[in-house]
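>
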Amino acid sequence: MRRCYLVCYDIRDPKRLRRVHKVLKGYGESWQFSVFFCVLKDIDRVRLQTDLEERLNQKEDQVMILDLGPNEEDARKAATVIGQPLPKQHNGVIVV
4 MRRCYLVCYD
14 IRDPKRLRRV
24 HKVLKGYGES
34 WQFSVFFCVL
44 KDIDRVRLQT
54 DLEERLNQKE
64 DQVMILDLGP
74 NEEDARKAAT
84 VIGQPLPKQH
94 NGVIVV
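Convert by adding 3 to the 1-based position in the sequence shown; the result is the number in this note's numbering.
Written out as structure tokens, the structure reads:
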């Protein structure tokens, strides 16, 4: 079953920051500079966490993965945005 996640990160080193950003681009869409929205199967959620753990310095960096539930439409509606709107929802396959 797929679930929606909000992934937020604070990475201290520019090189690690680029690596983490690149990893997250493969799993979801960027909502802000350090915030991604991902819709993932359980196995992909585990892979994402493993990929991130391999690239972090856990003494300096932080990643927070928030489970927003199984309904993507409800998760998107739960976001209150002031200013620039969130990216439009992509329907279909995106090749990165």
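From the three backbone atoms N, C-alpha and C, an ideal C-beta is built for every residue, glycine too.
A quick note: this is a predicted structure, and the numbers were derived from the prediction, not measured.
Give the DSSP-derived three-state secondary structure of residue 121 in the structure shown.
A question about residue 121 goes unanswered here, because the residues of the chain that appear run from 4 up to 99.
> Got a sec, what are the start and stop residues for the beta strand (DSSP E) residue 27 sits in?
For the purposes of this step, residue 27 is identified with residue 24 of the sequence shown, where counting begins at 1. Counting along the chain, residue 27 falls outside any beta strand (DSSP E), though it belongs to the alpha helix (DSSP H) covering 17-28.
> What did DSSP end up calling residue 91 once you bin it into helix, strand or coil?
What you label residue 91 is simply residue 88 of the sequence shown in a count that begins at 1. Coil.
> Is the segment 83-92 touching the segment 14-23 in the sense that three or more CB pairs, one from each, lie closer than 8 Å?
Taking 8 Å as the limit for Cβ pairs, the verdict is that the segment 83-92 does not touch the segment 14-23.
> Given a cut-off of 8 Å on the beta-carbon distance, is the pair residue 34 and residue 73 in contact?
Reading the sequence shown from its first residue, position 31 is the one you call residue 34. Reading the sequence shown from its first residue, position 70 is the one you call residue 73. Taking 8 Å as the Cβ cut-off, residue 34 and residue 73 do not qualify as a contacting pair.
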